[in-house]
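**Student:** My questions will all concern the structure given below.
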Amino acid sequence: MAGIGLLGPGVVFAKRRHGPRPIPGGFDENFQPVPKHPVIHLLAPGIGSEMSTITDLNGIVGGSEIRGIAHGSDGSTYDFDADMRFMRGTYVGLDRRVHHGTFGFI
1 MAGIGLLGPG VVFAKRRHGP RPIPGGFDEN FQPVPKHPVI HLLAPGIGSE MSTITDLNGI
61 VGGSEIRGIA HGSDGSTYDF DADMRFMRGT YVGLDRRVHH GTFGFI
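For the sequence shown, my numbering begins at 1 and goes up steadily by one.
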């Protein structure tokens, strides 16, 4: 709910051709890092790692990785790991034009 204000009509109804170009690297279907043709255009968070998922972004990127243990009502425990990021600024879209936008994921 905290990021609901980021979803303006321009983002919700955006046409795909205006979308940003993803970074070239990421993870394959086995969640192994690959430099090209990934299934997921995302790199692991950390110092020295690319936190943006958008190529040609001129703006700000914020991110957080939260790890912990969750306890179920039945007494079970679960490992918890959430990678959250946002990107805001100008970027070159798939249509090769400059656009401004805000993106985020959990």
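Glycine is no exception: its CB is placed at the ideal position from the N, C-alpha and C atoms.
What do you reckon, are the CB atoms on glycine 59 and tyrosine 91 nearer than 9 Å?
**Tutor:** yes
**Student:** Output the distance between the C-alpha atoms of valine 93 and leucine 57, rounded to the nearest integer angstrom.
**Tutor:** In the sequence as presented, valine is not what sits at residue 93; that position holds glycine. So the two alpha carbons sit approximately 10 Å from each other.
**Student:** Would you call serine 73 buried or exposed, if buried means 16 or more other Cβ atoms sit within 10 Å of its Cβ?
**Tutor:** exposed
**Student:** With DSSP run on the structure shown, which of helix, strand or coil describes histidine 18?
**Tutor:** Collapsing the DSSP output to three states places histidine 18 in a helix.
**Student:** For isoleucine 60, does the three-state DSSP call read helix, strand or coil?
**Tutor:** strand
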